[in-house]
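Enquirer: Read top to bottom, the protein sequences are chains A and X.
Here the first sequence is numbered in my numbering, starting from 17 and rising by one per residue.
Here the second sequence is numbered in my numbering, starting from 25 and rising by one per residue.
By construction, the Cβ of each residue, glycine as well, lies at the ideal position given by its N, Cα and C atoms.
Note that the structure is a prediction, hence the values are computed from the model and not measured.
Submitted below is the structure of interest, expressed as structure tokens.
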Amino acid sequence: MTTVDSRMTPADSTSQRTRLSPFMRRLLRSQQFGLVGVIVALLIALSLLAGSHIDAATGQTVNNFLNSHTLIQTATDASFFAIMAVGATIVIISGGIDLSVGSVYALAGVSMGLILRVAAPGGGVGAVLLAFIVCVAVGIAAGALNGAMVVGLRVHPFIITLGSMWILRGIAFVASKAESILLPESLTRFAKSPLGLGAALYPVPMLCMLVISVLGAVYLQRTVMGRHVFALGGNAEASRFSGLRLGRIQIGVYVLAGLTAGLAAFLGSGFYGSVSSGDANGYELYVIASAVVGGARLSGGRGSAINAMLGAVLIVLIRQSIRTLHLDQNYEWIIVGCAIVVAVVLDQASARFAARRLAQGGG
Amino acid sequence: MILRPILRPILRGAPFAVLLAAMVASGCPKKTGPTATGEGSGGAVTASGAKPIRIAMIAKSSTNPVFLSARRGAETAAKDLSGRTGVPIEVIWLTPPQEDGQIQAQRIAQAVNEGANAILISCSDAGKVTGAINDAVARGVPVMTFDSDAAQSKRFSYYGVDDKQLGEDVMGELVKLLGGKGRVAILAGNQNAPNLRRRVEGAKAEAAKHHGIQIIGTFYHAETPQDAAAEVIRVDNAYPDIKGWAMVGGWALFTKTLLTDLDPKKVKLVAVDALPTELPYVEKGLAPVLLAQSSYLWGNVGVTKIIDKIFYKKDVPEVVSMDPVRVTSETLGSWARQLRQWGFPDVPEEYLKLK
Numbered sequence: 017m018t019t020v021d022s023r024m025t026p027a028d029s030t031s032q033r034t035r036l037s038p039f040m041r042r043l044l045r046s047q048q049f050g051l052v053g054v055i056v057a058l059l060i061a062l063s064l065l066a067g068s069h070i071d072a073a074t075g076q077t078v079n080n081f082l083n084s085h086t087l088i089q090t091a092t093d094a095s096f097f098a099i100m101a102v103g104a105t106i107v108i109i110s111g112g113i114d115l116s117v118g119s120v121y122a123l124a125g126v127s128m129g130l131i132l133r134v135a136a137p138g139g140g141v142g143a144v145l146l147a148f149i150v151c152v153a154v155g156i157a158a159g160a161l162n163g164a165m166v167v168g169l170r171v172h173p174f175i176i177t178l179g180s181m182w183i184l185r186g187i188a189f190v191a192s193k194a195e196s197i198l199l200p201e202s203l204t205r206f207a208k209s210p211l212g213l214g215a216a217l218y219p220v221p222m223l224c225m226l227v228i229s230v231l232g233a234v235y236l237q238r239t240v241m242g243r244h245v246f247a248l249g250g251n252a253e254a255s256r257f258s259g260l261r262l263g264r265i266q267i268g269v270y271v272l273a274g275l276t277a278g279l280a281a282f283l284g285s286g287f288y289g290s291v292s293s294g295d296a297n298g299y300e301l302y303v304i305a306s307a308v309v310g311g312a313r314l315s316g317g318r319g320s321a322i323n324a325m326l327g328a329v330l331i332v333l334i335r336q337s338i339r340t341l342h343l344d345q346n347y348e349w350i351i352v353g354c355a356i357v358v359a360v361v362l363d364q365a366s367a368r369f370a371a372r373r374l375a376q377g378g379g
Numbered sequence: 025m026i027l028r029p030i031l032r033p034i035l036r037g038a039p040f041a042v043l044l045a046a047m048v049a050s051g052c053p054k055k056t057g058p059t060a061t062g063e064g065s066g067g068a069v070t071a072s073g074a075k076p077i078r079i080a081m082i083a084k085s086s087t088n089p090v091f092l093s094a095r096r097g098a099e100t101a102a103k104d105l106s107g108r109t110g111v112p113i114e115v116i117w118l119t120p121p122q123e124d125g126q127i128q129a130q131r132i133a134q135a136v137n138e139g140a141n142a143i144l145i146s147c148s149d150a151g152k153v154t155g156a157i158n159d160a161v162a163r164g165v166p167v168m169t170f171d172s173d174a175a176q177s178k179r180f181s182y183y184g185v186d187d188k189q190l191g192e193d194v195m196g197e198l199v200k201l202l203g204g205k206g207r208v209a210i211l212a213g214n215q216n217a218p219n220l221r222r223r224v225e226g227a228k229a230e231a232a233k234h235h236g237i238q239i240i241g242t243f244y245h246a247e248t249p250q251d252a253a254a255e256v257i258r259v260d261n262a263y264p265d266i267k268g269w270a271m272v273g274g275w276a277l278f279t280k281t282l283l284t285d286l287d288p289k290k291v292k293l294v295a296v297d298a299l300p301t302e303l304p305y306v307e308k309g310l311a312p313v314l315l316a317q318s319s320y321l322w323g324n325v326g327v328t329k330i331i332d333k334i335f336y337k338k339d340v341p342e343v344v345s346m347d348p349v350r351v352t353s354e355t356l357g358s359w360a361r362q363l364r365q366w367g368f369p370d371v372p373e374e375y376l377k378l379k
């Protein structure tokens, strides 16, 4: 996978070519290498420090962290953020921001619950398909609305999506009459399908997260539309002069953000078995944090779908760490907040350092 | 130079590892309840030979004082029962900072994965946690609910008030204070919490029995004291003829602002809960009646019932009913002393001296 924003100087490249095999060069230059390294280091540290317990069902001694249930649960917890983070990253790369993804999630879920209550109360495969269609349709519609308002009203996307964040959640609140709506069992069976792994192991959200992240990466890096998104975020004026239809691209990225929020709602709501207007409240900040920790630049032009997923996994992993290590969880917000700020500051410092080296002629 | 492509992305993720390492190294406070028995030991056998019992406690929100009181009750019960049973009992506090049923479901799974022997939970959203409770039970971990139930789940018992009845009682007390007539409002907290919704239903049902009582509205808000008090003031300004508030939770009275912003001669409040910060409202006559849930007992009785179930193998009723305590100016002293006995440090001294 190629980097989108390589700051390697010719001298660096030459130096590497002389010392490393092409595979190693590609591996080391990949954006994912560092995040994966940190995640693996955390996994190892947690496995060593977590202690163990005797499983109530099997009577066997089990590591408190390094067991299939905890690992899949951690990935599942990350998956709903991560799926939304893929869409949010695409928006951020384009130079925009979407604060409404949590509300889109809630509205898609509530719409699904209300429609299923009327159209498919008995559940079955039809209910799963209908739920999927409703969530995707609501997500796309909400995204298209955001995009159209950003383009049509020429108001900063922060303001537009701040407004739609409240509007969409308000619609969900009014429509649901503040009730928590139970979903048909078939939806939960789908989202919690063990896929042969055994009881109480639910890999579907994790697999969906991987698939959607890969699709996002392919879209961004292997398609013309994806390159247009980078071009728009990197330099909107240059993109305009080169003939790109910026309005269409902008609407497109918000549609994708809405789509991923709808997909996350479908999976998340099915997994937990109910929907309410309060769902995913505040999740937009975790989603944006995931994108930023994954290296997305808020001014646009840089970011990666895979890294956004890894960013989500890293944030959830650190939250999990606090509990696995039995640290006082009241410190969770402080720790995650500090880590995000420090990560971005270091990333920017690194970028400035690289730019200075480039200006000085490399080396 | 060869290190640059390696270091840049690592730097991006490094703060997490550094912070975590720093937390561990610098002794970031651990959850050391009075009965903690070696963090991370899980179900391992202790030096005394007894296998510790770990109870995960998941309340709705760690910023709500009633749940902090419940935690204190749980930890005290764990300490007492550890002495009585000879088995170390540990309460693991897994309450999210804000109400979120989805996070609660995740924490149920986490508790099971890390070897908890039982779970005690107050459900923010029964629908969201029912699946996780059933999974926990299927994996051999019994679950008990308190305060807010998940009645459709496989939990073995629920401890708390009858919420609909409590709502009726709140409105009934208010109707008595107002002499059966006047415009009133209901302060309702989180609109998604099933127990609060039932209290609101009860309050409305009771009001419907009295022709002189008119409900101007049911007002929801984020369950923080400031949000609740601000909502009361907003509504009071918008409806100057409002005579009474039926508060199905005590949030607004956890601040002092209503003591000065509302006139006891014009408006009366009846609220659920009677924590130390609410007692001046009784003394000043603004809230002549508070219906206290013994939130300390949520944790205390919850842990006791869990130990009855998993240690003593006793039968525990499916519903263990809690009766609210009526706190008025006559009972203020005895209630204040009860709160102090339960470990509340901020009970005003003057109330402790009352009869």
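Can you give me the Cβ contacts of A:ALA254 inside the same chain, cut-off strictly under 8 Å, excluding the 5 residues immediately before and after it?
Expert: Result list for A:ALA254: ALA247, in chain order.
Enquirer: Can you tell me where the alpha helix (DSSP H) holding X:VAL224 begins and where it ends?
Expert: Note, X:VAL224: alpha helix (DSSP H), 218-232.
Enquirer: Looking at C-alpha atoms only, which residue of X:ALA232, X:GLU230, X:VAL199 is the closest neighbour of X:LYS292?
Expert: Considering only alpha carbons, the answer is X:VAL199.
Enquirer: Taking the alpha-carbon positions, what's the A:ALA101 to A:GLY142 distance?
Expert: Distance between the alpha carbons of A:ALA101 and A:GLY142 is about 29 Å.
Enquirer: Excluding the five sequence neighbours on either side, which residues of its own chain have a C-beta within less than 6 Å of the C-beta of A:LEU211, listed in chain order?
Expert: For A:LEU211, where only same-chain residues beyond five positions count, the Cβ hits under 6 Å are PRO219.
Enquirer: Counting along the chain, where does the beta strand (DSSP E) carrying X:GLU114 start and finish?
Expert: That run of the beta strand (DSSP E) goes 113-117.
Enquirer: Is the shortest distance between the beta-carbon of X:LYS188 and the beta-carbons of chain A less than 7 Å?
Expert: It does not: the Cβ of X:LYS188 has no partner Cβ on chain A nearer than 7 Å.
Enquirer: Name the two residues that bound the continuous beta strand (DSSP E) containing A:GLN345.
Expert: From DSSP, A:GLN345 is part of no beta strand (DSSP E); its letter is neither H nor E.
Enquirer: Are there 16 or more other CB atoms within 10 angstroms of the CB of X:ASN261, so buried, or fewer, so exposed?
Expert: Label assigned to X:ASN261: exposed.
Enquirer: In whole angstroms, what separates the C-alpha of A:MET325 from that of X:ASP339?
Expert: Roughly 47 Å separates the two Cα atoms.
Enquirer: Do X:ALA209 and X:ILE240 have their C-beta atoms within less than 7 Å of each other?
Expert: Yes, Cβ-Cβ distance for X:ALA209 and X:ILE240 is below 7 Å.
Enquirer: Rounded to whole angstroms, what's the CA-CA distance from X:ILE257 to X:ASP287? Just pull it up for me.
Expert: Using only the alpha carbons, I get a separation of about 12 Å.
Enquirer: Give the DSSP-derived three-state secondary structure of X:TRP366 in the structure shown.
Expert: The answer is coil: DSSP assigns X:TRP366 none of H, G, I, E or B.
Enquirer: Can you find a C-beta in chain X that's less than 7 Å from the C-beta of A:LEU198?
Expert: For A:LEU198, the answer is yes, since a Cβ of chain X falls inside 7 Å of its Cβ.
Enquirer: Pull up the DSSP beta-bridge partners for X:LEU315, would you.
Expert: According to DSSP, which records beta bridges pairwise, X:LEU315 is partnered with X:VAL296, X:ARG350.
Enquirer: Under the rule that 16 or more other beta-carbon atoms within 10 Å means buried, what is X:GLY57, buried or exposed?
Expert: Since pLDDT at X:GLY57 reaches only 39, below the 50 mark, its modelled position is unreliable, and no value is offered.
Enquirer: From A:ILE88 to X:ALA140, what distance separates their C-alpha atoms?
Expert: Taking the straight line from one Cα to the other gives about 18 Å.
Enquirer: Is it the case that the Cβ atoms of X:GLN176 and X:SER148 are separated by a distance below 7 Å?
Expert: No, Cβ-Cβ distance for X:GLN176 and X:SER148 is not below 7 Å.
Enquirer: I want to see whether chain X comes within less than 7 Å of A:GLY289, judged by CB atoms only; does it?
Expert: Yes, because at least one Cβ of chain X sits closer than 7 Å to the Cβ of A:GLY289.
Enquirer: Just the C-alpha distance for X:ASN21 and X:LYS178, rounded to the nearest angstrom, thanks.
Expert: Outside the displayed range of chain X (25 to 379) lies residue 21 of chain X, so it cannot be described from this structure.
Enquirer: By alpha-carbon positions, which one of A:GLY268, A:ILE267, A:HIS244 ends up nearest to A:PHE257?
Expert: The shortest C-alpha separation from A:PHE257 is found at A:HIS244.
Enquirer: For the beta strand (DSSP E) that X:TRP6 lies in, which residues bound it at each end?
Expert: Beyond the ends of chain X as shown, which are 25 and 379, falls residue 6 of chain X; an answer cannot be given.
Enquirer: Using 10 angstroms around the beta-carbon of A:PHE39, count the other beta-carbons present and answer buried if the total reaches 16, otherwise exposed.
Expert: A:PHE39 is exposed by the Cβ-count criterion.
Enquirer: Can you give me the start and stop residues for the alpha helix (DSSP H) that X:TYR244 sits inside?
Expert: Counting along the chain, X:TYR244 falls outside any alpha helix (DSSP H), though it belongs to the beta strand (DSSP E) covering 237-244.
Enquirer: Could you check whether the Cβ of X:GLU99 sits closer than 7 Å to any Cβ belonging to chain A?
Expert: X:GLU99 does not count as touching chain A.
Enquirer: If you draw a straight line from the C-alpha of A:SER63 to the C-alpha of X:LEU282, how long is it?
Expert: Straight-line Cα distance between these residues: approximately 51 Å.
Enquirer: What's the C-alpha gap between A:ARG261 and A:LEU333?
Expert: Approximately 40 Å between the Cα atoms of the pair.
Enquirer: For a contact defined as C-beta to C-beta under 7 Å, what are the partners of X:GLY164 on chain A?
Expert: What X:GLY164 touches in chain A: ALA72, ALA73.
Enquirer: Taking the DSSP output, what are the residues bridged to A:HIS69?
Expert: A:VAL78, per the DSSP bridge assignment.
Enquirer: Looking at the structure shown, is A:ARG170 part of a helix, part of a strand, or coil, going by DSSP?
Expert: Here A:ARG170 sits in coil by DSSP.
Enquirer: Which bits of chain X does A:HIS85 rub up against, with CB to CB less than 7 Å?
Expert: The contacting residues are ASN137.
Enquirer: Suppose you measure from the CA of X:LYS379 to the CA of X:GLU307; what does that come to, to the nearest Å?
Expert: Using only the alpha carbons, I get a separation of about 13 Å.
Enquirer: Since A:VAL166 and A:GLY112 are thought to touch, with beta carbons under 8 Å apart, how far apart are those beta carbons, to the nearest angstrom?
Expert: That pair is a contact at about 7 Å.
Enquirer: Any idea what DSSP makes of X:GLU192, helix, strand or coil?
Expert: Helix, per DSSP.
Enquirer: Let me know the secondary structure DSSP gives A:VAL103 once reduced to three states.
Expert: Residue 103 of chain A is actually Gly in this sequence, not Val. In the structure shown, A:GLY103 sits in a helix (DSSP, three-state: H, G or I).
Enquirer: Using the rule of at least 16 other Cβ atoms within 10 Å of the residue's Cβ for burial, across every protein chain shown, is X:ALA102 buried or exposed?
Expert: X:ALA102 should be labelled buried.
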